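**Q** Residue numbers (the working numbering), protein chains in the order written: chain A, 1180 to 1368; chain B, 75 to 679.
Idealized CB from N, CA, C, for every residue including glycine.
Since the model is a prediction, treat every value here as computed from it, not as a measurement.
One structure, as structure tokens, below. Some questions next.
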């Protein structure tokens, strides 16, 4: 197997931990893993992405355009921004919770959520939309969106890792006091 | 040996520890920072590690340790090497006793830097051997070999990973801690004919360096890091030469196909000429796929000229590869497709109906005290003629709308002296220099002395959030903590400024807007060089207290808070301001700006 996955969102949303969880789950299964992260200035509320490559046969830590099997988007506009990486027939798991940047409230390009979700629905045949607000209110925290999205990705069938594989990784990497929350988040449907 | 999932920078750190490094000094800078942090986290008790005040200090500390026979390492980013270039240029002539590796992280793009300089070119300039890793695993191996080489030849050696290697992760085999090499340094042996640089010594050593590098080029030609594959065959007419992370893009572009002859160069200086000759044998054309400078391309052209080979060398100099910017899987794939005469699979495949997307540049965090400092100066100066000189750090983000408070930014510490230069031309302009606390220690102090002694008139605004925030909160002399875990008396920025001679040095909490504005008005009108220290901790490190809330019935929808502050926690809904409680830190700046008192409830950190 080989899964090429792109995680994207806004700095501070937890994409880096999500990519570490995917990597840990894959390594548990004995699969080779390469990842690449955005670190530095962009973490201050900028667009961020991680590339995660699971399985044999890849040299580069980065995925080429049109080659990703799965995009896990923490934010709708960021899903559209990275959509060029998706291969034909690939899957997008997206949180529909928009994060409106300062620039859009002070005269920069506007944030049209309906247009953005409409574009995703028209372009992506395998689209899984996650209601981040509902997840946050039911789970009692917005801080585990990353694990909610990973759970949704594993159930979409586009990821070679199942919920049980991810649970092993969550148990290993998430601190004890947040463990119970994140295990519920993983199974949140 | 055991397997670990490591970031490239972590692998470099563990490789250095396995090679027996005992002194590590550096200055934080993306994408290099995690190397030194990983050393500090994993080291044994006998290893000394420090965040130096700048890269020049780090280079000299590491050189001193290597003079005394210890293995030492410097870590910095590419522009940091500029700061450290004075000691490095001379150190290349003097040499070292213990192995000394200079890790310089290059940043193609640039993603988080001022320049796209190529440290492979710098190594040619300073005549120091350089290793250029293409993967996490190779970085781990190369740093160990670099120590061996450095100690054997008595020269510092550069390791220059790029961002995608620094911040790429891979599972690699690493040494167990109990197998790390331990060394007992001999100590410094006095010999002024060796350690004191004078023109006569430099003349003699320069000749030795040139001889050494010529023979090292032969040695590198046998190195596993410079390889030709598949083995030369007479039928091949074209080849590809590459290096670093671009090598992996080349491999992915040739995925599953029988590919042309490849030359991968892992030690670009001294250039492995004999290996290159082996590669060029029988070829008509070569494409050089490089990131940043055309180092291999120029070297191959020189080899062809020197040996009378008629091989056409293509790459950046012929327009086949972009002369600047970061390479990508696509850009490399496209260059290779064109070179091999393959059809471009990307033609006519671009969607045209993409909706408008919001732009998302990095911004100052919600509750960041820098926003309040900039806002106070802006309010205080009103319509007066001003120039705001910025510097390197989170506060460079003060340039964004709506604050728009950074008119210049050049390099570390330059804000103060740029403001001085502008003052000498425009004495009627109120000149301000904004400098962070870490940058003040790194290279701001000399600028203040220069401006003060040379009779400038400007206001130095020290934005003191008591950490090095942009690179991930490293300690510095103003924090009272060291990387060895000591807690000690901090160096007082105010005392330093007063010791220089400044008569007016005021400290103010920027989150107290009224007092901050009054202070700026008063201080800016004083003659000469004067300073305001805006002191408030970085919000990323502090725990938020109660957050602010908008009383919708009292909000008149003037949106002054949204339009003037640009805080990411402030939104507009139904024509009124709203606050995202997940982001708000309760800094209360918006409460102080609101003309109707509609915002309340925040508690300052």
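1) For chain B, check one thing: does any of its Cβ atoms lie closer than 8 Å to the Cβ of residue 1212 (chain A)?
2) Start and end of the beta strand (DSSP E) containing residue 1228 (chain A)?
3) Assign residue 1278 (chain A) to one of three DSSP states: helix, strand, or coil.
4) Closer than 7 Å, Cβ to any Cβ of chain A: which residues of the stretch 226-252 of chain B, in chain order?
5) Do you know how far the Cα of residue 432 (chain B) is from the Cα of residue 1298 (chain A)?
6) Within a Cβ cutoff of 6 Å, which residues of the same chain sit near residue 248 (chain B), ignoring the five residues on either side of it in sequence?
7) Here's a check: name, in chain order, each residue in its chain whose Cβ is nearer than 6 Å to the Cβ of residue 631 (chain B), leaving out the five neighbours to either side.
8) Around the Cβ of residue 283 (chain B), are there at least 16 other Cβ atoms within 10 angstroms (buried) or fewer (exposed)?
9) Can you find the residues in the same chain that come closer than 7 Å, C-beta to C-beta, to residue 168 (chain B), ignoring five residues on each side of it along the sequence?
10) Does the beta-carbon of residue 229 (chain B) have 16 or more other beta-carbons within 10 angstroms, so that it is buried, or is it exposed?
11) Check the Cβ-Cβ distances between residue 656 (chain B) and every residue of chain A, and say whether any is below 8 Å.
12) For residue 444 (chain B), report the span of its beta strand (DSSP E) as first-last.
13) What residue range is occupied by the uninterrupted alpha helix (DSSP H) comprising residue 1343 (chain A)?
14) What does residue 1194 (chain A) reach in chain B if we use C-beta pairs closer than 7 Å?
15) If we ignore side chains and look at the alpha-carbon of each, how far apart do residue 1183 (chain A) and residue 1262 (chain A) end up?
16) For residue 635 (chain B), which residues of its own chain have a beta-carbon under 8 Å away from its beta-carbon, when the five flanking residues on both sides are left out?
17) Which residues of chain B have a Cβ atom closer than 9 Å to the Cβ of residue 1388 (chain A), listed in chain order?
18) Take the Cβ of residue 1332 (chain A) as the centre, count every other Cβ of all protein chains shown within 10 Å, and call the residue buried at 16 or more, exposed below.
19) Roughly how many angstroms separate the alpha carbons of residue 1193 (chain A) and residue 1324 (chain A), rounded to a whole number?
20) Helix, strand or coil: which one does DSSP assign to residue 1192 (chain A)?
21) Look at residue 80 (chain B) and residue 243 (chain B) and say whether their C-beta atoms are less than 8 Å apart.
22) Taking only three categories from DSSP, how would you classify residue 480 (chain B)?
23) Classify residue 124 (chain B) as buried or exposed, calling it buried when 16 or more other Cβ atoms lie within 10 Å of its own Cβ.
24) With DSSP collapsed to three states, give me the class of residue 655 (chain B).
25) Report yes if the C-beta distance between residue 571 (chain B) and residue 522 (chain B) is below 8 Å; otherwise report no.
26) Among B:222, B:675 and B:633, which one has its Cα closest to the Cα of residue 647 (chain B)?
27) Using a Cβ-Cβ cut-off of less than 8 Å, list which residues of the stretch 400-433 of chain B approach chain A; keep chain order.
28) Quick one: Cα of residue 592 (chain B) to Cα of residue 454 (chain B), how far?
29) Give me the residue from B:267, B:662, B:587 and B:596 with the minimum Cα distance to residue 579 (chain B).
30) Is there contact here, the stretch 206-221 of chain B with the stretch 170-178 of chain B, by at least three beta-carbon pairs under 8 Å?
31) Is the number of C-beta pairs between the stretch 604-611 of chain B and the stretch 433-440 of chain B that are closer than 8 Å three or more?
32) Note down, in chain order, every chain B residue with its Cβ under 8 Å from the Cβ of residue 1279 (chain A).
33) Between which residues of its own chain and residue 1225 (chain A) is the CB-CB distance below 6 Å, once the five residues before and five after are set aside?
34) What are the residues in the stretch 589-615 of chain B lying within 8 Å of chain A by C-beta distance?
35) Run down chain A in chain order and give the residues with a C-beta less than 8 Å from the C-beta of residue 325 (chain B).
36) Using only the alpha-carbon positions, how far apart do residue 181 (chain B) and residue 106 (chain B) sit?
**A** Reading it off the structure:
1) Counting from 1 along the first chain, the entry for residue 1212 (chain A) is found at position 33. True, the Cβ-Cβ gap to chain B drops below 8 Å.
2) For the purposes of this step, residue 1228 (chain A) is taken as residue 49 along the first chain, with counting starting at 1. Residues 1226-1234.
3) Position 99 of the first chain holds residue 1278 (chain A). Residue state, collapsed to three classes: coil.
4) 238, 241, 242, 243, 244 and 245
5) To locate residue 1298 (chain A), count along the first chain from 1; it is residue 119. To locate residue 432 (chain B), count along the second chain from 1; it is residue 358. Looking at the two C-alpha atoms, the distance is approximately 15 Å.
6) As a first step, residue 248 (chain B) is located in the second chain; it is residue number 174 there, counting from the start. Within the same chain, residue 248 (chain B) has close Cβ partners 78 and 88.
7) Start at 1 with the first residue of the second chain, and residue 631 (chain B) comes out as number 557. Within the same chain, residue 631 (chain B) has close Cβ partners 649 and 650.
8) In the second chain, residue 283 (chain B) corresponds to position 209, counting from 1. With 16 or more Cβ atoms within 10 Å of its Cβ, residue 283 (chain B) is classed as buried.
9) To locate residue 168 (chain B), count along the second chain from 1; it is residue 94. Excluding residues within five positions, the ones whose Cβ falls inside 7 Å are 269 and 271.
10) Counted from its first residue, the second chain places residue 229 (chain B) at position 155. Buried: at least 16 other Cβ atoms inside 10 Å.
11) The residue labelled residue 656 (chain B) in the question sits at position 582 within the second chain. By this cut-off, residue 656 (chain B) is an interface position.
12) Counted from its first residue, the second chain places residue 444 (chain B) at position 370. That residue, residue 444 (chain B), is in no beta strand (DSSP E); its alpha helix (DSSP H) goes 443-455.
13) The residue you call residue 1343 (chain A) lines up with position 164 of the first chain. Residue 1343 (chain A) -> alpha helix (DSSP H) spans 1342-1352.
14) Here residue 1194 (chain A) is taken as the residue at index 15 of the first chain, counted from 1. Residues of chain B passing the Cβ test: none, with the nearest at roughly 13 Å.
15) Counted from its first residue, the first chain places residue 1183 (chain A) at position 4. Counted from its first residue, the first chain places residue 1262 (chain A) at position 83. So the two alpha carbons sit approximately 13 Å from each other.
16) Position 561 of the second chain, counting from 1, holds the residue named residue 635 (chain B). Correct list, in chain order: 641, 644, 651, 664, 667, 668 and 673.
17) Not covered by the structure: residue 1388 (chain A). The range shown for chain A is 1180 to 1368.
18) Translated into positions along the first chain, residue 1332 (chain A) becomes position 153. Burial call: buried.
19) On the first chain, residue 1193 (chain A) is found 14 positions in, with the first residue counted as 1. On the first chain, residue 1324 (chain A) is found 145 positions in, with the first residue counted as 1. In a straight line, the C-alpha of residue 1193 (chain A) is about 8 Å away from that of residue 1324 (chain A).
20) As a working mapping, residue 1192 (chain A) is identified with position 13 in the first chain. Residue 1192 (chain A) falls in the coil class under three-state DSSP.
21) Here the question's residue 80 (chain B) lines up with position 6 in the second chain. Here the question's residue 243 (chain B) lines up with position 169 in the second chain. For residue 80 (chain B) and residue 243 (chain B), yes; Cβs fall inside 8 Å.
22) Along the second chain, one-based indexing puts residue 480 (chain B) at 406. In this structure, residue 480 (chain B) counts as coil in the three-state DSSP scheme.
23) Walking along the second chain from the start, residue 124 (chain B) turns up at place 50. Result: buried.
24) Taking the first residue of the second chain as 1, we reach residue 655 (chain B) at position 581. Looking at residue 655 (chain B) - three-state DSSP - the assignment turns out to be coil, as it is neither helix nor strand.
25) Counting from one through the second chain, the residue named residue 571 (chain B) turns up at place 497. Counting from one through the second chain, the residue named residue 522 (chain B) turns up at place 448. It is a contact, given that the beta carbons lie within the stated cut-off.
26) For the purposes of this step, residue 647 (chain B) is identified with residue 573 of the second chain, where counting begins at 1. Answer by Cα proximity: B:633.
27) 402, 403, 404, 407, 420, 423, 425, 427, 428, 429, 430, 431, 432 and 433
28) By 1-based counting over the second chain, the position of residue 592 (chain B) is 518. By 1-based counting over the second chain, the position of residue 454 (chain B) is 380. Cα to Cα, the separation comes out at about 7 Å.
29) Here residue 579 (chain B) is taken as the residue at index 505 of the second chain, counted from 1. Measuring from the Cα of residue 579 (chain B), the nearest candidate turns out to be B:596.
30) yes
31) no
32) Here the question's residue 1279 (chain A) lines up with position 100 in the first chain. The contacting residues are 432 and 645.
33) Counting from one through the first chain, the residue named residue 1225 (chain A) turns up at place 46. Counting only Cβ-Cβ distances below 6 Å, and skipping sequence neighbours, we find 1190.
34) none
35) Numbered from its first residue, the second chain carries residue 325 (chain B) at position 251. By Cβ distance, chain A contributes 1238 and 1239.
36) Numbered from 1 along the second chain, position 107 holds the residue referred to as residue 181 (chain B). Numbered from 1 along the second chain, position 32 holds the residue referred to as residue 106 (chain B). Distance between the alpha carbons of residue 181 (chain B) and residue 106 (chain B) is about 9 Å.
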